[in-house]
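Numbering-wise, the sequence shown is residues -14 to 242 according to our numbering.
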Amino acid sequence: MSLSLVTVGTGTVAPSATRSSPAHWVESGDVRLLMDCGAGTIHRLAQFGLAWERVSHVVLTHFHMDHVGELPALLFALRHATQREAPLVVLGPAGTVQLLGRLAAAYGAWVSEPGFPLVLLDLTAGEPFPLAGDVSLEAHATPHCAESLAVAVSAPEGRLVYTGDTGESTDLAVWAAGCELLLAECSLPDAMAIAGHLTPRRSGALAALARAKRLVLTHLYPPVETVDIRSAVAMEYAGPVSVARDGDRFEIVRGRP
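Here you go:
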């Protein structure tokens, strides 16, 4: 069994010809997990040859539109473009169940009754949630908005931590300690740093404090791509760094970058 990551959407709310809004695909055994579901997700999944119709779980890190906006479209596609019978589990911060209820009120009852079993759960930070077999998910609060979470996927092959949207956080680094791959947001250049988001140096500092084996950067606004991201990260973190593009694939192996 392997643990793999595909960075489906590495952009933000800013429209881009090359970067879709946040979405990341994780596979391990029977687990096909979609982390966030922003604009462009379902077509990117198809473009990259990922089995979107067999998605087993969706986890939302928070409710900002660039992270959840295409969830109704995913449910609509599963309802009308597949013969799906398997359950779909949708997880997220406190308020996820309520969010789906509001979407059903707006779009119709099919959102909550899409023609296959739909399981909705609010995650509790710090409590591992079993996905399938030896694969589990855990969440940790982040300093971005009231409900924002980072999530970690743990499997025999290693541990992958996705920051979602976050500002600087020592607590997050401690929680992510020793992970094989840290998928971290890198929104803006250091010269444009704001609260609630990371920059290249802030992302590097988080990876260094967490002793992450590898750092993969995502959630890039256009201005950050005008600077030398890797050089800025290297001022804080000595490990391998990837500036992810939509469709990049990473294999996670315990103890190795």
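Beta carbons: idealized from backbone N, C-alpha and C, even for Gly.
Cβ-based burial, residue i [other Cβ within 10 Å; buried from 16]
i: residue 179; result: exposed
i: residue 206; result: buried
i: residue 7; result: buried
i: residue 115; result: exposed
i: residue 170; result: buried
i: residue 195; result: buried
i: residue 236; result: exposed
i: residue 241; result: exposed
DSSP three-state assignment for residue i, whether helix, strand or coil
i: residue 9; result: strand
i: residue 226; result: strand
i: residue 294; result: What is shown of the chain runs -14 to 242, which leaves residue 294 out entirely.
i: residue 112; result: coil
i: residue 120; result: strand
i: residue 98; result: coil
i: residue 209; result: helix
i: residue 189; result: helix
i: residue 176; result: helix
i: residue 156; result: helix
i: residue 45; result: coil
i: residue 125; result: strand
Residue i - containing beta strand (DSSP E), residue span
i: residue 137; result: 134 to 140
i: residue -2; result: Where residue -2 is concerned, there is no enclosing beta strand (DSSP E), given that its DSSP letter is neither H nor E.
i: residue 182; result: Unbroken run through residue 182: none, as it is neither H nor E.
i: residue 35; result: Per DSSP, residue 35 belongs to no beta strand (DSSP E) and is neither H nor E.
i: residue -8; result: -12 to -6
i: residue 74; result: 73 to 77
i: residue 231; result: Per DSSP, residue 231 belongs to no beta strand (DSSP E) and is neither H nor E.
i: residue 144; result: 143 to 147
i: residue 169; result: 166 to 170
Proximity to residue i [Cα-Cα], best of the options
i: residue 248; options: 26, 140, -11 and -6; result: The shown model of the chain, from -14 to 242, leaves out residue 248, and the question about it has no answer.
i: residue 230; options: 143, 223, -3 and -8; result: -8
i: residue 100; options: 195, 66, 18 and 123; result: 66
i: residue 212; options: 72, 76 and 228; result: 228
i: residue 24; options: 11, 12, -2 and 38; result: -2
i: residue 216; options: 60, 194, 186 and 238; result: 186
i: residue 51; options: 5, 184, 18 and 144; result: 5
i: residue 173; options: 81, 184, 163 and 235; result: 184
i: residue 3; options: 233, 241, 54 and 239; result: 233
i: residue 164; options: -10, 171, 198 and 177; result: 198
i: residue 70; options: 87, 81, 40 and 78; result: 40
i: residue 21; options: 181, 168 and 86; result: 168
i: residue 38; options: 10, 86 and 54; result: 10
i: residue 190; options: 208, 48, 226 and 210; result: 226
i: residue 17; options: 200, 0, -10 and 28; result: -10
Boundaries (first-last residue) of the alpha helix (DSSP H) holding residue i
i: residue 215; result: 214 to 219
i: residue 84; result: 81 to 92
i: residue 50; result: 50 to 53
i: residue 64; result: 56 to 65
Proximity of residue i and residue j at Cβ, strictly below 8 Å
i: residue 158; j: residue 147; result: no
i: residue 204; j: residue -5; result: yes
i: residue 43; j: residue 63; result: no
i: residue 138; j: residue 120; result: yes
i: residue 59; j: residue 81; result: no
i: residue 131; j: residue 110; result: no
i: residue 103; j: residue 73; result: yes
i: residue 33; j: residue 84; result: no
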